[in-house]
Amino acid sequence: MVTYTTNTFPIGDYIPAVFDDYNANLFIDGTVIYLSLWDTAGQEEYDRLRPLAYPQTSVFVCLFSVVCPSSFENVAARWHPELSHHCPGVPIVLVGSKADLREDLETLSQLQSTQKFPIGTAQGEDMMRSIGAFKYLECSALRLQGVRDIFDFAVRASLSTTHKKKGGGCVFI
């Protein structure tokens, strides 16, 4: 979200908070959409606090790292059950992040040393179908690739669903 709202990749000592929120305006099909973007902490110690941010959510953007198989596994084991429990019917856009690291020799070497491999696009698409997500996308925030597409598709997911909110805005978590 930092990359999307600032159009730069945070270098250095970026430390995410429990809840970070950002605001942005996006033009979709000639209409201005006001975005309220919330980045929530995923650690288990926030499991009871995190759902307090879910009411009024128009769409969820669920990210995993394509070079962290456990984060991919958490989509089905943890995130999809939590989101569908607290907000049934709210669309999910599934995103594989850090796509640039699929080609990084050091990252590949670290994965191979534990007999693991990057998550492929086909695996992401299979997960999308498995959890009933609206779309599967990949991005590299470092290279500023695919980041804007995530939010364009998320807005379209929010607007296309029957689970519409009044007020003309979108709340992303």
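Our numbering applies: residue -19 is where the sequence shown begins, and numbers increase by one. Heads up, the beta-carbon is just placed ideally off N, CA and C, and yes, glycines get one too.
### Task
Return the CA-CA distance between G112 and W18, expressed in angstroms with no decimal places.
22 Å
### Task
Count the other C-beta atoms from every protein chain shown that fall within 10 angstroms of the C-beta of V12, then say buried if there are 16 or more, exposed otherwise.
exposed
### Query
Are P98 and L81 closer than 9 Å when you measure CB to CB?
yes
### Task
Using 10 angstroms around the beta-carbon of F7, count the other beta-carbons present and answer buried if the total reaches 16, otherwise exposed.
exposed
### Cβ pair count under 8 Å reaching 3, the stretch 58 to 65 against the stretch 88 to 104
no
### Task
For S138, I'd like the list of residues in its chain whose CB is within less than 7 Å of its CB, leaving aside the five on either flank, ordered along the chain.
S38, V39, P71 and C150
### Query
Distance, Cα to Cα, S140 vs P68?
15 Å
#### Entry: Contacting residues, own chain, Cβ-Cβ under 6 Å from T87 (five flanking each side not counted)
V47 and L81
### Query
Which whole-angstrom value is the C-beta distance of V41 and I130, which I expect to be below 8 Å?
6 Å
### Message
Quick check: V75 and F52, are their CB atoms within less than 9 Å of each other?
### Response
no
### Task
Give the single residue among D9, L15 and L124 whose Cα lies nearest to the Cα of N3.
L15
#### Entry: Helix, strand or coil at L124 [DSSP, three-state]
coil
### Query
By Cβ distance, which residues of its chain are closer than 7 Å to K78, with the 5 residues on each side in sequence left out?
S45, V46, V47 and S120
### Message
Per the DSSP calculation, C42 is bridged to which residue(s)?
### Response
L74
### Simplified DSSP assignment, three categories, for F133
helix
### Query
Thinking just about the alpha-carbon of each residue, which of M108, L122 and S50 is nearest to the one in D84?
L122
### Task
Reducing DSSP to helix, strand and coil, say where I99 ends up.
coil
#### Entry: Among V127, A33 and M107, the one whose alpha carbon lies nearest that of P49
M107
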